[in-house]
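Notes for the one structure printed next.
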Amino acid sequence: MVRTFPPEIALPTWVTPSLATRAGSVLPHRGGGPLSGAPRVAASPRYPPQVSFRPADRPRVHREVVSYVRRSARMNPSQERAWRGQSGRLLVDVPHGERSTSISPDATVDWATEFGRDAPLMVEIGSGRGEALAAVAEAHPDANVIGFEVFQPAVASTMSLLTREGITNARLVLADGVEGLRRLVAPGSLSQLAVFFPDPWHKARHHKRRLIDPTFAALAASRLALGAHWRLATDWEEYALAMREVLDAEPGLVNAEDGWAPRYVDRPLTKYEARGLAAGRTIYDLDYVRAPAEPLPDLVHRTPLPEPHGEPAW
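Under full-length UniProt numbering, think of the first position of the sequence shown as 1, with each following residue one higher.
And the structure:
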């Protein structure tokens, strides 16, 4: 059956000929009959089977599950100035893959050349606006510090902060940090890894998007040098418990505190953390150390996980 609109009925202004045709309607023209040349389309199915919105020469790209959501890349004037003035110095330009935040499988970076020196390597994944990255870089001038971030305005804000504070031993990569670890960081080369306040993806159906899972834990452990630290923080209790469960199960890692860690001395209080505290949430810190794949007998002891809603140990 084909629906037609009587000529005396005015269509809403948002109804275009193409929209009405797809919806199974035939638009009237001023003479009262069907729109000249408009195909008579059945009301069901909604879209004709032959309609394709993907060019035939463009292959379908498989969308991987990632731990972040891309937001608007629009920058404010201050961020634009920082990007124009500092990206050539602070941004590590890496070739991207199929996704704008992915990294080409062939990409390589010589970090000693990038920094102009050979020094211990520290990485933060999800460096945001750069408060923690800048604090760590300032506290460890003898280290080369790298921040991976997918949000361009945040990277620009970090550039502005690093420039304002006169910090020269930090670099930024506008890309997925998981791919950055996998493709740009050599096994056993990190002296520290930091993941502060990753998205908790609190709904059960979204848990597959969480950054801290067994696959990533194994990757991170492989990139840490023996004795190097992986420092984490979250204000979401259920995610904190899940992190401990995942990291305790990774044979290459040992909980340095046998439980919750004290606040990492080089982690500043950020606006995000302050909002969480104001909302009554507890901050959970974790500190894991890279150990041999076969843990030493005196390093395998771990305390049991607290009950959900338990208080942190400090």
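Even glycine gets a Cβ: it sits at the ideal position worked out from N, Cα and C. Please read all numbers here as calculations on a predicted model, not as lab measurements.
Three-state secondary structure (DSSP) of residue i
i, result
"Arg182", "helix"
"Ser127", "coil"
"Phe197", "coil"
"His140", "coil"
"Thr234", "strand"
"Leu133", "helix"
"Ser100", "coil"
"Ala112", "helix"
"Ala218", "helix"
"Gly85", "helix"
"Ser160", "helix"
"Tyr264", "coil"
"Asp248", "helix"
"Gly37", "Because Gly37 carries a pLDDT of 48, less than 50, the predicted location of this residue cannot be relied on, and no value is offered for it."
"Leu90", "helix"
"Ala107", "coil"
According to DSSP, residues forming a beta bridge with residue i
i, result
"Val145", "Met122, Ala170"
"Arg290", "Leu253"
"Leu224", "Leu190"
"Tyr284", "Thr234"
Beta carbon of residue i nearer than 8 angstroms to that of residue j
i, j, result
"Pro262", "Asp235", "no"
"Ala256", "Tyr288", "yes"
"Gly177", "Ala154", "no"
"Ala175", "Val94", "yes"
"Asn169", "Ala143", "yes"
"Ala107", "Leu184", "yes"
"Glu138", "Glu165", "yes"
"Gly97", "Phe148", "no"
Minimum C-alpha distance to residue i - residue among the options
i, options, result
"Pro187", "Thr158, Val173, Leu277, Arg223", "Arg223"
"Gly252", "Glu237, Gly259, Ile283, Ala218", "Ala218"
"Pro198", "Ile146, Arg117, Val150, Ile103", "Val150"
"Ala225", "Leu277, Gln152, Leu211, Arg290", "Arg290"
"Asp213", "Asp248, His229, Ala228, Glu237", "Asp248"
"Arg89", "Val173, Arg209, His207", "Val173"
"Ile167", "Ala132, Arg210, Ala228, Asp118", "Ala132"
Are at least three pairs of beta-carbons, each pair with one atom in the segment 117 to 135 and one in the segment 188 to 195, less than 8 angstroms apart? The answer is yes - the segment 188 to 195 touches the segment 117 to 135, with three or more Cβ pairs under 8 angstroms.
Contact between the segment 261 to 277 and the segment 241 to 250: three or more CB pairs below 8 angstroms? Between the segment 261 to 277 and the segment 241 to 250, the count of C-beta pairs closer than 8 angstroms stays below three; the two stretches do not touch.
Touch test, the segment 82 to 90 against the segment 159 to 167, Cβ-Cβ under 8 angstroms, three pairs minimum: By the Cβ criterion, the segment 82 to 90 is in contact with the segment 159 to 167, since at least three pairs of Cβ atoms, one from each stretch, lie closer than 8 angstroms.
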